[in-house]
Structure formats: C-alpha cells, structure tokens
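Participant: Provided herewith is a single structure, encoded as structure tokens, for subsequent inquiry.
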Amino acid sequence: MSRLIDAVLARPSAVAKPAQTQPSTRRFVVIDCETTGLSPAGGDRMVSFAAIELAEAAPTGRCLSLIFNPGRKSNPHALKVHGLPDHLLRHQEPFHSVAGDIHAFLEGAVLVGHNVGFDIEFLRHEFRLCGRSWVPGQSVCTMQHARGQVAGRVSLDAVATLFGIDAGIRARFHGAFVDAEITSRLFQKMILGSAEMLAVPHLAPTNQIDPPPVVRNPATPIAHGIAGYAFAVTGELTGLSREAVMARILALGGHWHHSVRKDTDYLVVGHAPGATKLDTAAARRVKYGKPDTIDEAQFVTMVAASGAAKRG
C-alpha cells in the first residue's frame with residue numbers, strides 16, 4: 001500500500017505540486033466546502049466546511065463538520081446547491097472563530113477533494129481574511145484523476161456511481177460532510193485501489209447555533225378565513241407559486257402586500273425565507289403588535305376556513 005500511495009503522489013495528473021516538503025507520514029485529509037458563490041475574488045465566502053482524516057487508506061474517525069456566518073447572502077444557485085438558508089447562516093459564528101482548529105487539522109496532511117483546487121482557493125481566502133498564513137502541502141484531486149480513467153461526466157455523482165458508491169443521499173441531503181464522505185470512499189477505491197471502502201458515519205455541524213423560530217404562532221389559534229386580512233410572503237411555498245398565493249388571497253377577500261408593512265397582519269413563511277422580511281416583521285411586531293408569522297400549513301387552514309365560510 002505504501003508503494004501505491006507513493007505512486008499516486010507522483011502522478012502529475014492527480015496531484016497539485018507541493019508548496020512545501022512532502023509530509024513524512026501518510027496522512028490524508030479529505031475536504032469539501034460549500035460557499036455563497038464561485039468567486040472568492042468577487043467577495044464570496046465559505047458557509048460550511050468538512051474534513052475527514054485517513055491514515056494510509058483508512059479513516060481514523062477524526063473529522064470536522066462546521067458551519068459559518070458568511071456575512072453575505074448566498075446567490076440563488078449556491079443556495080439551491082447547499083440548502084443553507086440565510087436565516088440559519090446569519091445566526092452562526094464566522095469562519096475566524098474556528099480558523100485555528102481548521103488550520104491545526106490540515107497541518108501536514110495531503111489534501112484530497114473532488115475539484116480540490118476550489119476548496120483550497122476558498123480556504124486560502126478565508127485564512128487570509130483572518131490574517132492567518134496558510135500554505136497547503138500536496139493535494140490529490142479525484143475529479144482530475146477521474147478524467148484520466150472514465151469517459152463522460154466527472155461530477156461527484158457520476159464518478160461515484162461508476163465506482164459502485166451510492167451517491168443518492170446527495171439528492172435528499174446535500175452538504176459539505178456528505179460530499180467529503182463520498183469523496184473519501186471514492187479516493188479509497190479509485191485512487192488507492194482499496195478492496196473495501198470504509199464509510200464514515202454522518203456528522204452534522206458541531207458548531208451550529210439553532211436560530212430562533214421563523215414561525216411565531218399567534219397568541220390565539222387562527223379560526224377565521226382570509227377576508228379582511230393583509231398578507232405578505234417570504235420564501236418558497238411547496239403547494240403554490242407566489243402568483244397563485246396572491247391570486248388566492250385576493251379572490252377570498254384578503255389584501256396582498258409585496259413587502260411587510262405596519263398594517264400587514266400575517267407573514268407567510270416558506271422554504272429559505274428572506275432575512276429582510278423576517279427582520280422587518282419582527283420590528284413591526286414590536287412596534288405595532290403584528291404581523292404574526294405563520295407557516296404554509298397555517299395559511300392553508302385559513303384558506304380552508306374561507307371556503308367553509310363561503311359554503312355556509
């Protein structure tokens with residue numbers, strides 16, 4: 001196995017040349033990060049980071065799974081990829097709060113990743129913003145290596161599937177640790193030639209701070225319908241488009257507000273709500289006693305009550 005690892009580290013197609021002397025120990029760290037966008041030079045930041053340690057070809061059990069406040073909103077495409085809403089991220093600690101732990105974990109390791117250059121670029125950017133010096137050593141890119149072995153697409157899903165790794169979890173739950181864990185098994189199989197791929201149990205972000213609930217249940221249960229009340233919406237609803245919600249409210253005698261106003265009665269909160277409307281609703285509630293924030297199910301209940309009233 002040691003000779004095989006030496007050969008892997010010598011392949012120019014799979015390895016970025018080291019900026020320092022090759023580590024004397026066979027310690028690999030598989031990394032992955034999620035970001036607000038694709039350009040650190042354009043101000044994008046890291047929102048989550050995962051690292052899985054391997055000794056020779058086997059996971060040691062040492063892992064990192066972290067989440068950060070990037071200080072800016074994710075662009076729509078990035079949000080669709082990582083699924084971490086701004087309301088959650090804005091309540092987290094910034095990268096610099098755990099920069100020392102990450103720096104120590106990576107020290108002296110050969111870094112492994114699928115498109116590892118992307119992860120290294122963002123790590124450099126984050127460490128630079130912290131005023132920390134960080135010089136990565138050798139790195140192995142499973143995506144670059146795959147281009148020399150497989151035809152067609154070399155996305156993580158595609159290559160993992162070719163090597164018998166079930167990447168279906170990414171469709172249900174995507175995140176930095178999930179991607180790092182799949183990449184770890186791909187590295188073991190595709191590059192190190194391990195007969196058995198050793199999985200690592202999922203690790204949720206260990207530093208996550210739970211934000212306050214976005215839905216504030218009204219003081220008294222809602223028993224009335226839509227008519228006469230004013231509504232605004234933030235986030236995406238599963239059953240109706242924004243236009244359909246507006247049409248339904250107006251058809252049932254309610255009022256539609258594009259923004260949260262002092263006379264807005266209810267803010268309907270869907271998936272990935274916007275921080276601006278949530279903050280405005282909270283401020284208006286302190287000053288004017290409303291709006292209440294309700295979820296989609298509560299809104300549907302009000303729609304049903306409106307229908308029952310009409311039939312009655």
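Here the sequence shown stands for residues 1 to 312, where the numbers follow UniProt numbering. Where a beta carbon is used, it is the ideal one built from N, C-alpha and C, also for glycine.
Of the choices Ala55, Val81, Val215, whose alpha-carbon is the least far from that of Glu296?
Facilitator: Val215
Participant: Between the Cα of Ala195 and those of Phe177, Ile165, Tyr266, spot the shortest distance and give me the residue it belongs to.
Facilitator: Ile165
Participant: Glu181: buried (16+ other C-beta within 10 angstroms of its C-beta) or exposed?
Facilitator: Glu181 comes out buried.
Participant: Classify Lys277 as helix, strand or coil using the three-state DSSP reduction.
Facilitator: Helix at Lys277.
Participant: Sorted by chain position, which residues of the same chain lie with C-beta nearer than 7 Å to Leu83's C-beta, five sequence neighbours on each side aside?
Facilitator: In the sequence under discussion, the amino acid at residue 83 is Gly, which differs from the Leu named in the question. Cβ within range, chain order: His174.
Participant: Check the DSSP bridge columns for Ile52 and list the partner residues they point to.
Facilitator: Partner(s): Val30, Cys63.
Participant: Would you say the segment 131–140 touches the segment 154–170, given that touching needs at least three Cβ pairs under 8 Å?
Facilitator: no
Participant: Any chance you could list the alpha helix (DSSP H) runs of at least 4 consecutive residues sitting entirely within the segment 150–187, in chain order?
Facilitator: 156–162, 169–172, 176–186
Participant: Please name the residue, chosen from Val178, Pro201, Val269, that lies closest to Glu236 on a Cα-to-Cα basis.
Facilitator: Val269
Participant: Please confirm if the segment 86–97 is in contact with the segment 108–115, defined as three or more CB-CB distances below 8 Å between the two stretches.
Facilitator: no
Participant: Residues bridged to Ile294 by DSSP?
Facilitator: In the DSSP assignment, the residues bridged to Ile294 are Val268.
Participant: Going by beta-carbon coordinates alone, are Ala32 and Ala57 separated by less than 8 Å?
Facilitator: Inspection of the sequence shows that residue 32 is occupied by Asp rather than by Ala. It is not a contact, given that the beta carbons lie outside the stated cut-off.
Participant: Kindly indicate which three-state DSSP category Gln22 falls into: helix, strand or coil?
Facilitator: The predicted model places Gln22 with a pLDDT of 44, which falls under 50 and marks its position as unreliable; any figure quoted below should be read in that light. Note: Gln22 maps to coil in three-state DSSP.
Participant: Go ahead and label Leu198 buried or exposed: buried means 16 or more other beta carbons lie within 10 angstroms of its beta carbon, across all protein chains shown.
Facilitator: exposed
Participant: In whole angstroms, what is the alpha-carbon distance linking Ile102 and Arg124?
Facilitator: Ile102 and Arg124 have their C-alpha atoms roughly 12 Å apart.
Participant: Beta strand (DSSP E) containing Leu111: first to last residue?
Facilitator: 110–113
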